[in-house]
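**Student:** Under my numbering, the residue at position 269 of the sequence shown is numbered 252, and the numbers go up by one with no gaps.
Ideal Cβ placement from N, Cα and C applies to all residues, glycine included.
All values derive from a computational prediction rather than experimental measurement.
I'd like to ask some things about the structure below.
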Amino acid sequence: MIRSAAVRTYLDHNASAIPSVAASEAAAEWLRRGGNPSSVHGAGREARAAVEGARRSVAASLDVAPAELVFCSGATEALHLAIAGLATGRHVVASALEHPAVFGALRASGARVRQVRPDAGGRLAPADFVAALAPETALVVAMAAHNELGNLFPVHEIVAAVAPVPVLCDAVQAWGRVPLHPQDLGCTALALSGHKIGAPSGVGALWSKAGTQLRPWIEGGPQERGRRAGTENVAGIVGLGVAAAEIGTRLGQMERLGELRNQLQAALVGLGGVVHGSPEARLPNTLALRFPGLEGELLLQGLDLAGVCISSGSACSAGAIEPSPSLLACGLTEAEARGGLRVSLGPETQAADVEHLLSALPPLLERARCA
Ligand code: PLP
């Protein structure tokens, strides 16, 4: 459990949310029950009914038709499925801030990609997507909310500006944090992940507009109407359905979390922190910042020893710390980007969690500045 020890303060909900009790219990029940939804006997029919109930629940949370959803192993797979169908070997315009899962799927599909650069605050302008279009552009990829910066992007305006080119939206960080309705965004496809909303990890979904031609990324059996082969992850899907039914409760916490985040931000700026991203359009739960001259990874490790979990945007590659590509895309130097830290709150976060971070950090900053 990511919050098993009573002393541990978990402030990394953008990496994985704390699993919802109801979603975990429902998933555990189906782990015990088993049953293959493709079997015609009673056990199979019950598993099928559980999967379809979950599909209706996810669909209801988004205001879409259940048949427009394909369950898969997470957003990475959902993005691969969408990109395989909409972009294989073709010209694609994508924001430079997309998750590595998007760029991985684009590479795998053989698409030719033109990237749209953000400004220093990580803002994306619809006009820049239009400028990047070529006559042969088959797809535009634009995320709804950024995993590190928390920035919210004008997906609806981007869709309108690039029409009739279809838009794939990675809505992983937006789901459960801001109201999300694909029809309002106007996009053609939208990728979702369970573990960011309290469902188990290893489950997600792709929504695509009725009539969208998807090319199965995983081929074999006829599951998911032939769009995703393989026996369904019934337990994970049931957990996803329960977590989706709790989206309203999660959203109801966001105003409180926004206030808590703002208090934290003010205190961290008081300690010398420099905030990243665009505060005027940001997820309420997310704070991205750096302490100039200090490595994010070092502070993260010190906080971890003090029982506080946060994240840096850096990735460990071949033993070296690689700075966040998103921060580099915003024009930060490598040294500045290596300072990146992200604090992300969730519905379980209380003022005491924020206070724990604020009491653990000053001695670490002092030590790091003297080193
Ligand atoms: N897109 C974004 C914005 C994410 O934050 C993540 C996960 O960190 C993914 C895609 C990948 O999701 P999954 O872990 O479900 O494959």
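Measure from the alpha carbon of residue 226 to the alpha carbon of each residue in 2, 64, 256, 170, then state which is nearest.
**Tutor:** Answer by Cα proximity: 2.
**Student:** Measuring CB to CB, does residue 58 end up less than 8 Å from residue 175?
**Tutor:** Result yes, Cβ atoms of residue 58 and residue 175 sit closer than 8 Å.
**Student:** Taking contact to mean at least 3 C-beta pairs separated by less than 8 Å, is the segment 157 to 177 in contact with the segment 199 to 214?
**Tutor:** Judged by Cβ distances under 8 Å, the segment 157 to 177 makes no contact with the segment 199 to 214, as fewer than three pairs qualify.
**Student:** Starting from the Cα of residue 279, find the closest Cα among 329, 306, 224, 64 and give me that residue.
**Tutor:** Nearest C-alpha to residue 279: 306.
**Student:** For residue 294, which option in 309, 316, 311, 325 has the closest C-alpha, if you only look at C-alpha atoms?
**Tutor:** The shortest C-alpha separation from residue 294 is found at 325.
**Student:** Starting from the C-beta of residue 336, find all residues in its chain whose C-beta is less than 7 Å away, skip the five residues before and the five after it, and write them out in chain order.
**Tutor:** Once the five neighbours on either side are set aside, the close Cβ partners of residue 336 are -8, -6.
**Student:** Kindly list the residues whose CB is nearer than 6 Å to the CB of residue 94, restricted to its own chain and excluding five residues on each side of it in sequence; keep chain order.
**Tutor:** Here the set comprises 70, 73, 75.
**Student:** Would you say the beta carbon of residue 155 comes nearer than 7 Å to a heavy atom of ligand 1?
**Tutor:** For ligand 1, at least one heavy atom lies less than 7 Å from the Cβ of residue 155.
**Student:** Select from 309, 277, 273, 236 the residue whose C-alpha is nearest the C-alpha of residue 329.
**Tutor:** Residue 236 is the option with its Cα nearest to residue 329.
**Student:** Would you mind working out which of 158, 281, 334, 234 sits nearest residue 352, comparing C-alpha positions?
**Tutor:** The shortest Cα separation from residue 352 among 158, 281, 334, 234 belongs to 281.
**Student:** Under the three-state reduction of DSSP, which class applies to residue 360: helix, strand or coil?
**Tutor:** Here the chain has residues from -16 to 354 only, and residue 360 is not among them.
**Student:** As a quick exercise: from 192, 312, 347, pick the residue whose alpha carbon is nearest that of residue 103.
**Tutor:** When each option's Cα is compared against that of residue 103, the closest is 312.
**Student:** Output the boundary residues of the beta strand (DSSP E) element that contains residue 272.
**Tutor:** Note, residue 272: beta strand (DSSP E), 269 to 273.
**Student:** Report the residue ranges of all alpha helix (DSSP H) runs contained in full by the segment 73 to 112; include only those spanning at least 4 residues, in chain order.
**Tutor:** For the segment 73 to 112, whole alpha helix (DSSP H) runs of length 4 or above, ordered along the chain, are 83 to 92.
**Student:** Just the Cα atoms here: how many angstroms apart are residue 345 and residue 317?
**Tutor:** Their backbone Cα atoms lie some 24 Å apart in a straight line.
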